[in-house]
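Participant: My questions will all concern the structure given below.
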Amino acid sequence: MPTHEIHAAHKLNDEIHFQIQRDLSAFGRNVSYEVNDSDVVLSGVVGSYYHKQMAQESLRRIEGLSRIDNRIQVVIR
């Protein structure tokens, strides 16, 4: 992988991490992610469909992100 692609992948990963950490109080502490190239997979458990959607929407504004696979489960207590 060329150096500029590695740098772009790290930058994308850092931006996703920042967005999730920034909004973590809204999602709960059970949301994780995995970055593959320009795609991200969200997983974990939240307490409402609203929080599931917000976790996904918070990442949409990230430049360079191609696809969000939202596998977050909703467990209503």
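Numbering (the numbering used here), first residue to last: 79 to 155.
Every residue, glycine too, gets a C-beta built ideally from N, C-alpha and C.
What you are looking at is a predicted structure, and each value in this text was computed from that prediction instead of being measured.
Go ahead and pull the three-state DSSP assignment for residue 155.
Facilitator: Residue 155 falls in the coil class under three-state DSSP.
Participant: Figure out for me which residue from 88, 108, 87 and 117 has the closest Cα to the Cα of residue 137.
Facilitator: The candidate whose alpha carbon is nearest that of residue 137 is 117.
Participant: Step through the CB atoms of chain D and report whether any lies within less than 7 Å of the CB of residue 146.
Facilitator: As a matter of chain content, chain D is missing from the structure shown, which is built from one protein chain.
Participant: Within the same chain, show all residues whose beta-carbon is closer than 6 Å to that of residue 97, passing over the 5 residues directly before and after it, in chain order.
Facilitator: So the qualifying residues of the chain are 136 and 137.
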